[in-house]
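See structure below.
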Amino acid sequence: MSRGRLVLHEPGEICSNADADQHILRTPAEDSGLQAVLDGLRPYDVAGLYTGAIANAIDYVLDGARTGRYDLLSPDVHPGEKASVGAKLEYEVLRSFNLPKEPPLDTVISGVPVDFKATVGANWAIPAEAQCQLCICTQIQLGRSRHRSWLVRAHRSWLYRGSGNRDGKRGLAVHAREHWSVPLYDWTPLPVNPLTLLTAEQASRVLAKRPGQERRFSMMFNYLEGLVVPRSVIATVGAGRHDPLRRARNIRKSLARDGLTLLCGKFPEQRDLAAAHKITLGPEDWIALRMEGDQDHAG
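Numbering (the working numbering), first residue to last: 27 to 325.
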């Protein structure tokens, strides 16, 4: 098969440009190392853990509690910052899966070295040290709020030639990804930051310097009635201000006058009340609900 000047060798052939370490290209089913990694990942909810890890990496890059930013696609987020999501994701994945940071690549799964690669575009930059090694390649589509991942041995024979850059990074050929990799999970939704659901006018009011935090939190929960609001959103709206969580708790009575009950997942009885309305609140989640027989709940 050819793509421009690139010729992909097939499984059963010798990997090209393998330097002194010549080896045979194998299908995933014939690759014992790849199969060992799959077995090591089997006990995990890979899609769910990656969802949380990506969300944490995005929150880290946006640094909403300091910058007030909440949308990675915003013009005030530098392209280099978007690209840095992948670098942060590596450490979030290690933490989520309780994996060691261990050379020669990023980690070791079932005794096999594995590298983590992520892109917010269409391809991955495979460095020289990860070529012909096992890689978990994650694609993040920010505009569609979704992600997917594959496990692939990134043989040099299955990489684009590159542009002669000194670090030797090369992209994975689409045909190799489609035919000689193993999907770990299909497209999976990423959490949507509730602030992105506000109109431009609503967002400008909620994120303005004035009025104070409590007035702005009241506006936000009214606008986002019935939607789960993570702690990171509270911190973003209160960026640079003192104790935004306490300020959010203080608006319970003012929201009650608007017919809304403010629930915080920190408190078990409030999680139970949300569950009774078929809503799952995490320990750091908030929600404003309109319910009959509204009552004041501790917290």
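Ideal Cβ positions, reconstructed from N, Cα and C, are used throughout, including at glycine.
query	result
C-alpha distance - L299 paired with D284, whole-angstrom precision	19 Å
Cβ neighbour criterion (16 or more within 10 Å) applied to E116	buried
P126, DSSP secondary structure in three states	coil
Alpha helix (DSSP H) runs wholly inside the stretch 133-184, at least 4 long, in chain order	none
DSSP beta-bridge partners of L315	T287
Endpoints, the alpha helix (DSSP H) within which P209 is located	First-last for P209: 207-215, but that is the beta strand (DSSP E), not the alpha helix (DSSP H).
Nonlocal neighbours in the same chain, by C-beta distance under 6 Å from E107, ignoring five residues either side	V87
C-alpha distance - G238 paired with R231, whole-angstrom precision	11 Å
Segment limits, alpha helix (DSSP H) that includes L64	58-67
Pairwise C-alpha distance: H35 and K13	Residue 13 falls outside the range modelled here, since the chain spans only 27 to 325, and no answer is possible.
Nearest to G252 (by Cα), restricted to the options L286, V263, A226, G264	L286
Per-residue burial, M317 [other beta carbons within 10 Å of its own, 16 or more giving buried]	exposed
L271 - DSSP class collapsed to helix/strand/coil	helix
Beta-bridge pairing of V254 - partner residues as DSSP gives them	Partner(s): none; V254 has no beta bridge.
Presumed contact (8 Å Cβ cut-off) between W176 and P139, rounded CB distance	About 17 Å separates the two Cβ atoms, so there is no contact after all.
Nearest-angstrom Cα separation, counted from G66 out to I313	37 Å
CB contact flag (A83, K114, <8 Å)	yes
Three-state secondary structure (DSSP) of R187	coil
CB contact flag (L75, H181, <8 Å)	no
Q61 versus S122, S136, G90, E118, residue with shortest Cα-Cα distance	S136
Chain-order list of residues whose beta-carbon lies under 8 Å from that of Y249 (same chain, five-residue window excluded)	L224, Q228, V232
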